[in-house]
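Following our numbering, the numbering of the first sequence begins with 4 at its first residue and continues without gaps. The beta carbon of each residue, even a glycine, is placed where N, CA and C say it ideally should be. Comments concern the structure below.
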Amino acid sequence: MLTKRPRGTNDFLPEDTAKWQYIEKLLREICRQFGYAELRTPIFEETALFLRGVGDTTDIVQKEMYTFEDTGGRSLTLRPENTASAVRAYVENKLFAGQQPVRLFYMGPMFRYERPQAGRFRQFHQFGVECFGPASPAADAEVIALAWEFYRRLGLKNLELNLNSVGCPNCRPAYRQALQDFLRPHLLELCPTCQERFEKNPLRILDCKNPQCQQFLQGAPTTLDALCDECHEHFEAVQSYLHAAAIPYRLNTKLVRGLDYYTNTAFEILLSDIGAQSAVCGGGRYNGLVEELGGKATPGVGFALGMERVFSALTAQKLALPEQPGLDVFVAVLDKQAQTMAFQLACNLRQSGLAAGYDTMERSLKAQFKYADSQRAAYTLLVGGEELTRDSVVLRDMQSSEQTEQSINEIVAILKEKLAK
RNA sequence: GUGGAUAUGGCGAAGCGGUUAACGCACCGGAUUGUGGCUCCGGCACGCAUGGGUUCGAUCCCCAUUAUCCACCCCA
């Protein structure tokens, strides 16, 4: 179907894009304040980057990637997320050689082949930040604070920050073992996916939603119990930073980032009023990722948030964004002879920095006024008729309906002054 | 990939075997000839997702397909 967009994609019409621009502007402003600069990476990358960077046991890699072969026989994949690309760019462009930390943000479309539902699309948009270099818990708290500040300024309520620590390569193997030992007696009673996870990725069993599996997890050891001294100290410090920033959170020992290169802090921001897909933000620390992708070992921490879900949240909580201003002035024509004059006037007004519209539909004067009204024009200029013989035009204030006759040579200056521009 | 619901004009929606396919919003035009927002009048679906079938006859019944929505898995 030629007039049907692909499944799971969206057209954002002018009404929508105005809102997107507002949100994007807010995010850019917050990033500026936090010292994060924009990174733009390709929409597609070598498939191998995601296999490695996202992890080949993840659902994303196993069933959700848009992978294709280009004419040169390369296997490429539309990015399903942007962290792997950011790490690749960090290493490839040798950002490690400059001043650390390297604070980056990105926003743009991501692609995952999934069944669409509320808050889930095949092409969706993420904003995210990555902070490379610092191992300090202050960096963990910094990125969380950045996300939190965004939601605070939007005025969203009922947000719940979930926090956990998944340890590091020193303490995780022991925990992994302890969890397996704990679950082994019930191994055959776990759901099929969890049975598979048992060997490959036992931590993921923790966040299985199957009630049966959750039952067997009662009393299971948590990652927090198993943290080594260093990880414990790190996690405590993150929490005290959050306290200092007055950011409320909830410890959630079931929250995991199952892959080996994810370390220490894991967090999610949840909002239940937007449907089943309630995570509006997810992130954590990945001290092993840069090395995994071929760079030298570099700590990192970051998060991503889903733009579409932000809009769902705004709608659910009935939060209206400021409206875009309408036209400063609409130039209406009385007769055909005035058309060129009107066009010229509109051009002059625009050159002076005003937003000016005029009639391109060759409509009646009445219809032109109606249009001016629909464009929320502050003023309408009426060009033509006997006024033109006096080198003047009619200026109508659309709010008060007051009309005056003005010299055509002074009208631009008059309007600029009235509109204070 | 699995399950459920839905599919009538630009949008919302009535009709549910035989109707000129309501109505509201939006849009367009007009209301004694140079003017908007209110009001009034008029216009706007040869067709009811697509393809089959049942029937004298189908938007309305049956089947398939596709799409949308919601949920599962999982994630932003």
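Do methionine 110 and glutamine 129 have their C-beta atoms within less than 8 Å of each other?
Going by C-beta atoms, methionine 110 is nearer than 8 Å to glutamine 129.
Tell me whether the stretch 85-94 and the stretch 53-70 touch, counting them as touching only if at least three CB pairs, one residue from each stretch, are closer than 8 Å.
yes
Just tell me which of Trp151, Lys299, Ile272 has its CA closest to the CA of phenylalanine 425.
This structure does not reach residue 425, given that the chain is present from 4 up to 424, and the question cannot be answered.
Round the Cβ separation of phenylalanine 372 and threonine 363 to the nearest angstrom and send it over; I've been treating them as touching at under 8 Å.
Rounded to the nearest angstrom, the Cβ distance from phenylalanine 372 to threonine 363 is 15 Å, too far for a contact under 8 Å.
Mapping the DSSP letters down to three states, classify cysteine 284 as helix, strand or coil.
strand
Provide the residue(s) that pair with alanine 359 in DSSP beta bridges, ordered along the chain.
Val332
Excluding the 5 residues preceding and the 5 following leucine 164 in the sequence, name in chain order all residues of the same chain whose CB lies nearer than 6 Å to its CB.
Tyr252, Ile272
Given a cut-off of 8 Å on the beta-carbon distance, is the pair cysteine 34 and glycine 303 in contact?
no
Determine the direct distance from the alpha carbon of glycine 136 to that of leucine 292, and round the result to whole angstroms.
12 Å
By the three-class DSSP mapping on this structure, what secondary structure does glutamine 340 have?
Glutamine 340: helix per DSSP, three-state reduction.
Given a cut-off of 8 Å on the beta-carbon distance, is the pair leucine 274 and alanine 341 in contact?
no
Beta-carbon within less than 6 Å of tyrosine 264's beta-carbon, same chain only, minus the 5 sequence neighbours each way: which residues are those?
Tyr289, Gly291, Leu292, Glu295
Any chance you could list the alpha helix (DSSP H) runs of at least 4 consecutive residues sitting entirely within the stretch 133-161, in chain order?
Listed in chain order, the complete alpha helix (DSSP H) runs (minimum 4 residues) inside the stretch 133-161 are 140-157.
Looking at the strands, I want to know which residues DSSP matches up with tyrosine 69.
When beta bridges are read from the DSSP output, tyrosine 69 appears opposite Leu81.
Please name the residue in Cys284, Val169, Ala21 whose C-alpha comes closest to that of threonine 256.
Val169
Leaving aside the five residues before and after phenylalanine 346 along the sequence, list all residues of the same chain whose C-beta is less than 6 Å from its C-beta, in chain order.
none
If you follow the beta strand (DSSP E) that glutamine 183 is in, where does it begin and where does it stop?
Not the beta strand (DSSP E): glutamine 183 falls in the alpha helix (DSSP H), residues 175-186.
Any idea if cysteine 350 is buried or exposed, counting beta-carbon neighbours within 10 angstroms, 16 or more meaning buried?
exposed
Taking 8 Å as the limit between beta carbons, can you name the residues of its chain near aspartate 400, skipping five residues before and five after?
Ala381, Tyr382, Gln406
Using only the alpha-carbon positions, how far apart do valine 283 and valine 132 sit?
14 Å
Thinking C-beta only, is leucine 418 closer than 8 Å to aspartate 338?
Taking 8 Å as the cut-off, the beta carbon of aspartate 338 is found no closer than this to the beta carbon of leucine 418.
Which residue from Glu311, Arg156, Lys203, Leu245 puts its Cα closest to that of leucine 29?
Considering only alpha carbons, the answer is Arg156.
Let me check understanding here. Comparing Cα to Cα, which of Gln409, Cys171, Cys194, Glu145 lies closest to glutamine 242?
Glu145
CB valine 415 to CB serine 355, shorter than 8 Å?
yes
If alanine 121 and glycine 285 are in contact, beta carbons under 8 Å, what's the gap, nearest whole angstrom?
17 Å between Cβ atoms; not a contact.
Given this structure, state the Cα-to-Cα distance separating alanine 423 from aspartate 62, to the nearest angstrom.
56 Å
Rounding to the nearest angstrom, what Cα-Cα distance links tyrosine 116 and arginine 82 in this structure?
11 Å
Between the stretch 12-22 and the stretch 41-48, do at least 3 Cβ pairs fall closer than 8 Å?
With the cut-off at 8 Å, the stretch 12-22 and the stretch 41-48 do not touch.
Among residues of its own chain, excluding the 5 on either side of leucine 230, which ones have a beta-carbon nearer than 7 Å to its beta-carbon?
Result list for leucine 230: Ser168, Gly170, Cys174, Phe238, in chain order.
Determine the contact status of arginine 187 and leucine 206, defining contact as a CB-CB distance below 8 Å.
no
Grab me the residues of phenylalanine 185's own chain with a C-beta within less than 7 Å of its C-beta, minus the 5 sequence neighbours each way, in chain order.
The residues are Ala223, Pro224.
Taking buried to mean at least 16 other C-beta atoms within 10 Å of its own C-beta, is threonine 226 buried or exposed?
Answer is buried; the Cβ neighbour count reaches 16.
Within 10 Å of its beta-carbon, does glycine 297 have 16 or more other beta-carbons around it, so buried, or fewer, so exposed?
It is exposed - the Cβ of glycine 297 has fewer than 16 other Cβ atoms within 10 Å.
Do the CB positions of leucine 280 and arginine 312 come within less than 8 Å of each other?
In the sequence on display, residue 280 carries glutamine and not leucine. Against a cut-off of 8 Å, the Cβ pair of arginine 312 and glutamine 280 comes out as a contact.
Out of curiosity, what's the CA-to-CA distance linking histidine 246 and alanine 148?
Roughly 11 Å between the two C-alpha positions.
Between valine 336 and alanine 359, is the Cβ-Cβ spacing less than 8 Å?
no
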